[in-house]
Structures are given as C-alpha cells and as structure tokens.
Amino acid sequence: MKRFVYIDDDDLSNNIYCDNRISNRKYTVWNFLPKNLWEQFSRFMNQYFLLIACLQLWSLITPVNPASTWGPLIFIFAVSATKEAWDDYNRYLSDKKANEKEVWVVRKGIRKHVQAQDVCVGNIVWLRENDEVPCDLVLIGTSDPQGLCYVETAALDGETDLKTRVVASACMGIDSELLHKIKGVIECPTPDKDIRRFDANMRLFPPFLDNDVCPLTIKNTILQSCYLRNTEWACGVAVYTGNETKLGMSRGIPEPKLTAMDAMIDKLTGAIFVFQIVVVIVLGIAGNVWKDTEARKLWYVQYPNEGPWYELLVIPLRFELLCSIMIPISIKVSLDLVKSLYAKFIDWDNEMVDPETGTPSHATNTAISEDLGQVEYILTDKTGTLTENKMIFKRCCISGTFYGNENEDGLKDPELLKAVASGSPDAIRFLIVMAICNTVVPVQSKAGAISYKAQSQDEEALVRAAARLNMVFLEKKGNILDINFNASLVQYEVLDTLEFTSERKRMSVVVRDCQNGNIILLSKGADEAILPHAHTGQQTRIFAEAVEQYAQLGLRTLCLACRDLEEEEYHEWSLLFKEANSSLVDREWRVAEVCQRIEHGFEIIGVAAIEDRLQDAVPETIETLRKAGINFWMLTGDKQSTAIQIARSCNFVSPEPKGQLLLINGRTEDEVGQSLERVLLTMRITNAEPKDVAFVVDGWALEIVLKHYRKAFTELAILSRTAICCRVTPSQKAQLVELLKSCDYRTLAIGDGGNDVRMIQQADIGVGISGREGLQAARAADYSIGKFRFLKRLILVHGRYSYNRTAFLSQYSFYKSLLICFIQIFFSFISGVSGTSLFNSVSLMAYNVFYTSVPVLVSVLDKDLSERTVMQHPQILFYCQAGRLLNPSTFAGWFGRALFHAIVVFVITIHAYAFEKSEMEEASMVALSGCIWLQAFVVALETNSFTILQHIAIWGNLVAFYVINWIVSAFPSSGLYTIMFRLCRQPSYWITIFIIVAAGMGPVLALKYFRYTYRSSKINILQQAERMGGPILSLGNIEPQSRSLDKDVSPLSISQPKNRTSVYEPLLSDSPSAARRSFGPGAPFDFFQSQARLSSNYTRNCKDN
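Start counting the sequence shown at 88; every next residue gets the next number (the numbering used here).
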C-alpha cells in the first residue's frame, strides 16, 4: 500500500488522512465506566465475586447482609478504577500540552501560526532551533548551505548523540524564499513503526524540477518528538501525522508478563475453588438430609411440608455464599500494591546509582519483581553490556607489518609514526580509509576544536586515531570531505554511501579524489565480509593471522580495503544503485544485491584492532551469580576468538585445564550435525565430572542448528551451564531466549543497544543498560540499570526480598480467609447444617478490609537476612529459584495452620460461652477477637526484622480493633449494641483470649523451635549467626573451607541429618525448575552443590520443539 502526499495542496490532502491530534488516552468521559467495568469483569476472579455478590441479594439464601460482599467488592473496584482514571487523566494532560503547541506552517503559499493538532498531511512545517518536531516530516530546506541539519532523537530511540539529516536531493539549492511555493508529490508507504526505514520517492512539479524521481530515505526525514539542534531553521513536508507517525505507531501497551509466582497463585486458587465446591456439595447434601429427618420434628424450626421446586438448592447456595470467602477478595489489590512498592524500592536504591553518570536504576514493569529472585538463565550482550563501549584504537597490521605491542599503544609505535611521516603509500591509504569510510560528522567549536559525532563507537575510534596520526577529518561540506594531512588540504567527493547492514557486515563509500579525479571504493568490515572478496592473487593469510592474534587478545577487529573503479563501471553501477534506492518494494534487499556487484576484487590494506574494556566488577558479578546457580549465555556479534577471550576474562569459563570449550562449527547441514553430535556426546560424558564445560557456536552454525537440530540443541543447552554464541543476529538472540523459555526456565536478557531489544522483550525479565548506544534497550526493558555490576544487587537483594515477601503475603491472605471460613463451617454443625453465619455482616466486612490487611502490608519491609549476608552467600537464592517458599507443600502448611487455629478458636469459644446461655453476638465477637489475636501473633512470628512501622501495624491494629468495636457497640442499630462493653468487663473474656492464643500458638512455636534447632535450613543458620553477631564460619555445621568454583560448591556445606525428608530441606540444583530429587534417609546432603541437568531432566521438563 502507498500513500501520495501532495505538497501544500489542501484540496488533495484534506479529509484523506488523520489530523495531527495526539491521543494516548485509553478512555473518554462517556466510555470510562462501561469500558473499565468490562475490563475488570473480564477476569475470572472478579466474575466469581460478582456472582457471589448477586446471589447475596436473594434474601432467601443469603446468610449475611449483602453489604459484607458488596462493600469490599465496590471498594476494590473503586481503587482499581481510580488508579486507571488517574493514569488516563495524566495521559490526557500530556496529550493536551503537545496538541496545543504553536507551530509555523505554510498553507496556500502563506506562512502562519497554528496549533500542532491542526497540522495536516502535505503542509510545509517550519522549525526553529530547539523546536520539537510536531509530526513526521520530509526535509526540504535548512539554514545550512549544504542542506544539513542536526536533530536530537533521544525521545525516539534514546540515543543522545546528535544525528545529521539532509535535505532531499531534489530540493538541494532551492532558495529559502521559494520553499513556501514548492509543489510536488511524495510517494511513500503506509504508516509503520520502523524508525530506521523510510523508502519513498519525491517528484517536484515545474518549474522546480521536471517530474524527476528523487529517492528518499530515513536520512531525509525528521520524526515526531525529535528536536532541532545547532541549526537556525529547517522546513519539511508533513507525511505522517497524529497517531500515524512512526512514534505514534510504536506506542502501545506491552503484553503483560505472568510471573512464576502468579502462575502458582492461580493454581492454588483453583485448588481452593475445587475444595470449596466439594465442601459446598457435602454440606448442602447434609443440610437437606438433616432438614428432612430432624428439622421437621422440631416445632420451632417451622419448615413447611412442601416447598418450591428450588428448595433443594437453597442450603447448598447458602453454603456457597458462606464459603465464598475461602478465596480472598483483596489478594489482587494487595499484591498489586506491594509490587508497586517493590518497584519503588529499586528506584530509590542509592547503591544502584551509577556514580559516573548519575543514572539511577528504574523499574518500568512493576509486576514482576519476584521473578528476579527465580532467574535461572541470564542471556547477555557483550559490547556495552559487559564492556564499557568506549572504543580505543590499540594496534594495527598494515600490508603485513604489525604495529603496537603489549606495552604500548599502537598510535605511539615509532615504526608506525615513521611510516606515516615518510609518506608510506600503504600507511596513507590505511589512514584515508580510517578517516573517511564512515558516517561521522565533524563539529567545529567556536574555539576551533574539532569533535566528532558518530552513531558507531568503532567509527569514532578510527577517525580519532587517524587524526592523531595527522590524517584529520576537518569538515563535511555536503558531499565534499576536507582532510588535513601533514598541514596540506586534501579533498574527496562522496559519490555514494553503501551503509552497513547486519547481513553484509561491512560499510563502503565511493569517493572521487578531487586532486586527480580517480574514483575509489573504500570498505571496512568484519574479516569474513572483507577477506573472501580480495582480488585474485592477493595473499590474505597474514591478515587472517593478524585478525586471529588480535581476537585472542580480546580486541575488536576491522579489515580495511579499497578498490579503484573505472568511470564507465561506476556509471553503470550508479544507475542500478539509484534504481534500487528508488524502489518502494524490497528496497533493502535490492540495494544489498546491487552492493554485491561492486564490493569485490578488494585490495586488502590492513587490519585495525580496537579495545573495548570490561566494565568494573563484571568478573566478580558473574562469579557471584554463577554461585547462585544462574547459568550464563553470551550472545554477541563479535568474532569467535574475541568472544572467547572476553568470556574467559569475565569468568564465564575457567582457564584450561579446568575450563573446557566445545566448538560447534561447519558450513553445511551435515558438518554442523556431526559437530553438534560430537559436542553433545562429550557433554553427556563429562557432565558428572568436576569441569567447567561450555559450548561455542557461531551465527551460521546456529541458523542450521535451530532449523534442523532444534531438539538436540535444546538438550545441549540444558546440559551446559555456559554458552558463547558469536556472530548472532538480533533475531537469533530472540530465538535463543524463546528456546530456553520453551523448557520452562526463567530467563533474564540484558543488553544496551537497539539490536538487543527483541531479546529483551522476549525474555521473562528484560534488563536494559543505559549506555553509550542510547536508551532503546533501557526503554524496552522491564528494568534499567547504569552498569552491569548492579545486576547482582538487583537479583540477590531486590529479587530475593520481593519473592520472600510476596510468598508470605499471598499465603497469609489465604490463611486468614480460610480461618474465618472454617469457623463458619464448624458452626454449621451445631446450627442444623443450615448455612447460618456465626458472624454478622459488619464484622465480616471489617475483617476482610481492615483488621487483617494492615499488618501484612508492612511485610514489604521485612528482611529475613541482611543485605550484606545475602550478597556474601548468593547460594541461598536457590530457595527462591526452586520455589521453596510458595508451592503446594508450603501452602498445605498454611492450610493446616488455618484449620488448626479454626478448631482452637471454635472449640474454646463454644465451650466458654455457648453453654452459659450467652448471646450469639457475644460468642461471635469472642471468636472474632480470637482470630484477630492469633493473626497478630502469626504475623509477628513470621516477621524476621522488626521496625517501628511493623510494631505499629501489628499491635496498633489490635488496639484499633477494640477502638472500632467500642465505637460500633455504642450504636443500637449496629447489631453489636453494648457487646464489646460487656465483654471487656468480663475476666472470662480475657482468659478465653489467653487460652486461644496459648493453645493456637503453642504448637506452632514448638514446631518452629524444633525445626530451627534440629532441622535448621541454611537460612536459619545464617539468621542465627547474624543474631549472635559472630562470623558465619563459627557455626559448627558449616565447613570453613570454600571449594573451588569448578565444583560449583559454595563456602557453606552441611550434611543432611538422618531421616531428613525433602519437606524441610529440598535438594536444590543449579536450575531448580528441573526435577527436584530427594535423597533417602541418611544420604549425605550438600545443599549448595550444583547438580547438572541430565538428559532425563530434559525429556521431563522440555516441551516438544
């Protein structure tokens, strides 16, 4: 599909395309209520609670006042709706501010001020320096004589360096006074969100240009939300407006990510629902049987002899309403609230602020913090993620001569300086390619100093190195490049630029030497993209050796080459190149095909080696996270040797002989298959041996493996803790993430550039580094950090705390609901199995909303261990990875605790009050008081680190309970009139409460003491050591010697006591989502010893690929 934009012709452009009004709003005033309610009731849980609330309106079956359900339901929906409304209102204000900005436009040849929302497709828009671009424009004029302008695209792609944009060639040289009279048509594709492509054509009508086709690319555009910088003015034609701009098309709500803990909570909720249905059916049948056999004999019950047809459903429905509180109505709101706080803790963490740039960490996704504590695989980019992305020219090889050594910078090598000074032709050509084969823009300050603006750090490093060797790139005047070499001016005219692509892996320029008129093709790129295209007869072995040697040192390498072109050859090729650039269909493919026609027969000049240093503390961070059982994969576009060297220096793999690398290579399907089979066989054999084994695969072999040997490769991925994937494309990075996710592993992807976005979005957790490549990765990610080393704290501290707190909060929410529900069920056995409620409606509503919610919300401040201890002993992350704090076993413990406490409360209350002819309201209040006291002690028992807020929340909540009920007891209409006054004056009430607390908490405390003393976990041991204030190694059960990394054993090692079951101490391997195996009685138990995943784990856990 195409669109035709007629320049400054309202008759042809109006009413065809959308206006420039920006709208990011989700709702309007009229549709907010129905749309928001529809969204909320699209969730099964909300539908369930709505059904329960509606059933309670049927007075025949409701055991309590409908307000007990409608009140909390309306409150929770109101909170969610208010949050949505506030967010949408802020979006409305932001849109309003953008829409009402004033801009200059040309309409019918007249320039005038209009609001940004009134700009139409085809209008000519004028911008002044520092103006924000209101819509997507095709540039037709600037204040620069060469047709250049500078734009800041940070709002679009996060890159802070200024970009150059150039006027369309058809408009080059048109006087500024005539720009508002331009007429023509732009043929462009329909709107899309690709900010790196714009394949269009322009035709200007006479008298400007006689219908000649002018190809347009993204470099001829300035996009919405960019800013005009360092340019007095610029003007362009609006081609996309409003929500059809590239930025507008990119907007949208990302797909929500479901955490492992959310999935477990959903399963547990389903189990409780099934249990509830069973209870309702059993009690419903029992109630109907008792009614027909016993109730009709009792004169005071007054059951009619014959009832309506639905009579059998009345009692089951009553029990359904009575048991509906088994599923806590407030759990979603509570979890959303605490998860938002977890995200704020990350934002507020001063220890994760980059001291160099002041960049803080930021949590964009507030819903998945607990998943950080369950990460099993980290897939990381190399350049800019593990390294600083500060490129420094270190060494070079020119025509077989090596310059630079281990002790000095190549730019200071006397031999290189001598070769340049003596005018060595090879050295001069090498410097020329370094200086002008790029897209760098030199910017000269008022003081005369030259700085370089480059989109590629490699190109900037080469240009700076050439300048230090007296080949200074001075200025770019349109297509003319001024080079200062040894105080003499040299000029080159750029005829064509063959831009770098990830498929070609090289970049070329065709230039004309203004001194002699010769046409030269200059190229630079990866060795596999340059060396195979050398002209016949040139020996490339020495250059291949140089590449290998530099790669072994961890340096990035670029091969530089050139080729002389004949005038006729260039002319024929130029026509094809222009035709390909004018194509609106498959332009990128056509251009690449035409480039292949000229990029051959190179004369290889030399190899440049660039250093990209590791960031601070990267090896330590990786070593710590590996001890935590996290597996690492490096995904990079660099050469294999470079990637391996960086991997070794990062502690990805140990040095030989401890570390072993297995290579998967080959160029055909058979070769790759045989190589993969060999590696897989070796991995199976060495799996049980104490070796650090990793496999290495390049992009070519990976393409074949993923297509033809996916299942075998998946098994290999599971068996290996480490992988190094070289020369991979962005799409392959995303495929590798998807492969690991398909085996139910929790994956984290981290990168810093636009080429990492797909990988980051595909992973369960995406982390972006705010680096020199811009903020694209950081903006697409769930979390952004300033440096790689902060990943350790993000996972071990924030991820682990979030998991622990959410596990407690979710299970406690079920516990408090089950407790009150079990008491109701027990009461039915002494009330004729009739479904009568022991508690009144006000008490039930207050119980769910106030009495039990406040104490647990402060659990977001709880820390079972100090941050220092957690960082020193990363192995304890295994508990979170294995899901040991939230699983069916732990939930069964909370279920049993709720049942036990319900029995205690009910039995003691009934024996203390029911047989003394007390009012039912008194017994109800005693039972409710017992529940509140028990829950206060339960929260206190489960709290590890008390703060003043936690004390206020727990014990202040008890005081608030009595204050509220004293107030309620003062109103005759409350149903609790004088109840609390009478109870508090009775010693028997306080004795009953004491007995309930003692009977309920005594066994719990005893069990906790027994497990803490005799069957303590690693966390218990660390907690005890912290409280004693002594070193961890002083504890008797811990081995003081730390084992070597190749055995993957932590400094903590404990033997499992005899007859110990996996309920108390699970076997936790490196990747705990694999099969969890239990040792038999008396088996030696090493908690932190890494257990390799065997092929049996693979078949059990991996989905069919």
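Cβ coordinates follow ideal geometry from the N, Cα and C atoms, glycine included. Computed from a prediction, not measured in an experiment: that's the story for all the values here.
Just to confirm the assignment, what range does the alpha helix (DSSP H) spanning Gln727 have? Here residue 727 refers to the residue found at position 640 of the sequence shown. Here the alpha helix (DSSP H) through Gln727 covers 727 to 736.
Between the alpha carbons of Lys1134 and Leu749, how many angstroms are there, rounded? Residue 1134 sits at position 1047 when you count from the first residue of the sequence shown. Residue 749 sits at position 662 when you count from the first residue of the sequence shown. In this prediction, Lys1134 has a pLDDT of 33, which is less than 50 and means its spatial position is unreliable; nothing more can be read from the coordinates.
Using a Cβ-Cβ cut-off of 7 Å (strictly less than) and excluding sequence neighbours within five positions of Phe877, which residues of its own chain qualify? Here residue 877 is taken as the residue at index 790 of the sequence shown, counted from 1. Contacts found: Met439, Ser448.
Length of the line joining the Cα atoms of Gly30 and Pro403: What is shown of the chain runs 88 to 1192, which leaves residue 30 out entirely.
CB of Pro961 within 8 Å of CB of Leu883, strictly: Residue numbering aside, residue 961 sits at position 874 when the sequence shown is read from its first letter. Residue numbering aside, residue 883 sits at position 796 when the sequence shown is read from its first letter. Yes, Cβ-Cβ distance for Pro961 and Leu883 is below 8 Å.
Among His622, His658, Glu680, Asp569, whose alpha-carbon lies nearest the alpha-carbon of Arg591? Position 504 of the sequence shown, counted from the start, is the residue given in the question as residue 591. The option with the nearest alpha carbon to Arg591 is Glu680.
Which first and last residues belong to the beta strand (DSSP E) in which Thr251 is found? Your numbering for residue 251 matches position 164 in the sequence shown. First-last of the beta strand (DSSP E) with Thr251: 250 to 253.
Can you tell me where the alpha helix (DSSP H) with His658 in it begins and where it stops? In the sequence shown, counting from the first residue as 1, residue 658 sits at position 571. Note, His658: alpha helix (DSSP H), 654 to 669.
Thr769 - containing alpha helix (DSSP H), residue span: Numbered from 1 along the sequence shown, position 682 holds the residue referred to as residue 769. Per DSSP, Thr769 belongs to the alpha helix (DSSP H) from 756 to 773.
Under a Cβ-count criterion, where at least 16 other Cβ atoms within 10 Å of its own Cβ denotes burial, should Arg283 be classed as buried or exposed? Counting from 1 along the sequence shown, the entry for residue 283 is found at position 196. Exposed is the label assigned to Arg283, since fewer than 16 other Cβ atoms lie within 10 Å of its Cβ.
Alpha carbon to alpha carbon, how far is Met289 from Leu576? The residue given as residue 289 occupies position 202 in the sequence shown. The residue given as residue 576 occupies position 489 in the sequence shown. Going from the Cα of Met289 to the Cα of Leu576 covers about 36 Å.
By how many angstroms is the C-alpha of Thr526 removed from the C-alpha of Arg551? Locating residue 551 in the sequence shown gives position 464, counting from the first residue. Locating residue 526 in the sequence shown gives position 439, counting from the first residue. Arg551 and Thr526 have their C-alpha atoms roughly 13 Å apart.
Would you call Asp279 buried or exposed, if buried means 16 or more other Cβ atoms sit within 10 Å of its Cβ? What you label residue 279 is simply residue 192 of the sequence shown in a count that begins at 1. Classification of Asp279: exposed, given that the 10 Å Cβ count is below 16.
Cβ contact (3+ pairs, closer than 8 Å) linking the region 805 to 823 and the region 728 to 744: yes
On the three-pair Cβ rule with 8 Å, is the region 449 to 462 touching the region 424 to 434? Per the Cβ contact rule, the region 449 to 462 is in contact with the region 424 to 434 (3 or more Cβ pairs under 8 Å).
Provide the residue(s) that pair with Asp911 in DSSP beta bridges, ordered along the chain. Counted from its first residue, the sequence shown places residue 911 at position 824. Contrary to the premise, residue 911 reads as Gln rather than Asp in this sequence. According to DSSP, Gln911 bridges with nothing at all.
Alpha-carbon spacing of Ile211 relative to Gln683, whole angstroms: The residue you call residue 211 lines up with position 124 of the sequence shown. The residue you call residue 683 lines up with position 596 of the sequence shown. Cα to Cα, the separation comes out at about 38 Å.
Option nearest Gly724 by Cα separation, candidates Ile709, Glu632, Thr588: Position 637 of the sequence shown, counting from 1, holds the residue named residue 724. Looking at the Cα atoms, Thr588 is the closest of the given residues.
Opposite Trp676 in the DSSP bridges: which residues? The residue given as residue 676 occupies position 589 in the sequence shown. The partner list for Trp676 (beta bridge, DSSP) is empty, contrary to what the question assumes.
Hey, could you find the ends of the beta strand (DSSP E) Thr1079 is sitting in? Your numbering for residue 1079 matches position 992 in the sequence shown. Segment 1074 to 1101 is the alpha helix (DSSP H) holding Thr1079; no beta strand (DSSP E) there.
Cutting at 8 Å between CB atoms, please list the residues of its own chain near Met336, excluding the five before and the five after it. Position 249 of the sequence shown holds residue 336. Cβ within range, chain order: Pro278, Asp279, Lys280, Asn330.
Taking the C-alpha atoms as reference points, what is the distance between Gly234 and Glu319? What you label residue 234 is simply residue 147 of the sequence shown in a count that begins at 1. What you label residue 319 is simply residue 232 of the sequence shown in a count that begins at 1. Between Gly234 and Glu319, the C-alpha separation is close to 12 Å.
Can you check DSSP and say which residues form a bridge with Tyr579? The residue you call residue 579 lines up with position 492 of the sequence shown. Paired residue(s): Leu568, Asp600.
Helix, strand or coil at Arg591 [DSSP, three-state]: The residue given as residue 591 occupies position 504 in the sequence shown. If DSSP states are grouped into helix, strand and coil, Arg591 belongs with coil.
By alpha-carbon positions, which one of Glu790, Asp349, Ile273 ends up nearest to Gln819? Numbered from 1 along the sequence shown, position 732 holds the residue referred to as residue 819. Comparing Cα-Cα distances from Gln819 to each of Glu790, Asp349, Ile273, the minimum goes to Glu790.
Roughly how far, in whole angstroms, is the beta-carbon of Ile1078 from the beta-carbon of Tyr966, given that I think they are within contact range, below 8 Å? Reading the sequence shown from its first residue, position 991 is the one you call residue 1078. Reading the sequence shown from its first residue, position 879 is the one you call residue 966. With 8 Å as the limit, Ile1078 and Tyr966 do not qualify as a contact, their Cβ atoms being about 41 Å apart.
Could you tell me the distance, in whole angstroms, from the CA atom of Gly535 to the CA atom of Leu561? What you label residue 535 is simply residue 448 of the sequence shown in a count that begins at 1. What you label residue 561 is simply residue 474 of the sequence shown in a count that begins at 1. If I take the Cα positions, the gap works out to 10 Å.
Nearest-angstrom Cα distance between Leu793 and Trp787? Indexing the sequence shown from 1 puts residue 793 at position 706. Indexing the sequence shown from 1 puts residue 787 at position 700. Each residue's Cα considered, the two are about 10 Å apart.
For Cys410, which three-state DSSP category applies? Counting from one through the sequence shown, the residue named residue 410 turns up at place 323. Three-state result, Cys410: helix.
Glu239 - partner residues in DSSP beta bridges: The residue given as residue 239 occupies position 152 in the sequence shown. Answer is Tyr314, bridged to Glu239.
Option nearest Gly260 by Cα separation, candidates Val300, Glu239, Thr229, Trp117: Residue 260 sits at position 173 when you count from the first residue of the sequence shown. Comparing Cα positions, the closest option is Thr229.
Let me check understanding here. Comparing Cα to Cα, which of Gln1110, Ala867, Ile990, Met521 lies closest to Thr1030? Here residue 1030 refers to the residue found at position 943 of the sequence shown. Per the Cα distances, Gln1110.
Along the chain, where does the alpha helix (DSSP H) that runs through Tyr1000 open and close? The residue given as residue 1000 occupies position 913 in the sequence shown. 975 to 1000 is the span of the alpha helix (DSSP H), which, as asked, contains Tyr1000.
Using three-state DSSP, classify Gln702 as helix, strand or coil. By one-based count along the sequence shown, residue 702 stands at place 615. Residue state, collapsed to three classes: coil.
Please classify His998 as buried or exposed, where buried requires at least 16 neighbouring CB atoms within 10 angstroms. Within the sequence shown, residue 998 is the residue found at index 911, counting from 1. When all chains shown are included, His998 counts as exposed.
Helix, strand or coil at Arg1163 according to DSSP, with G and I counted as helix: What you label residue 1163 is simply residue 1076 of the sequence shown in a count that begins at 1. Per-residue confidence for Arg1163 stands at a pLDDT of 32, beneath the threshold of 50, marking its modelled position as unreliable; no derived number is given.
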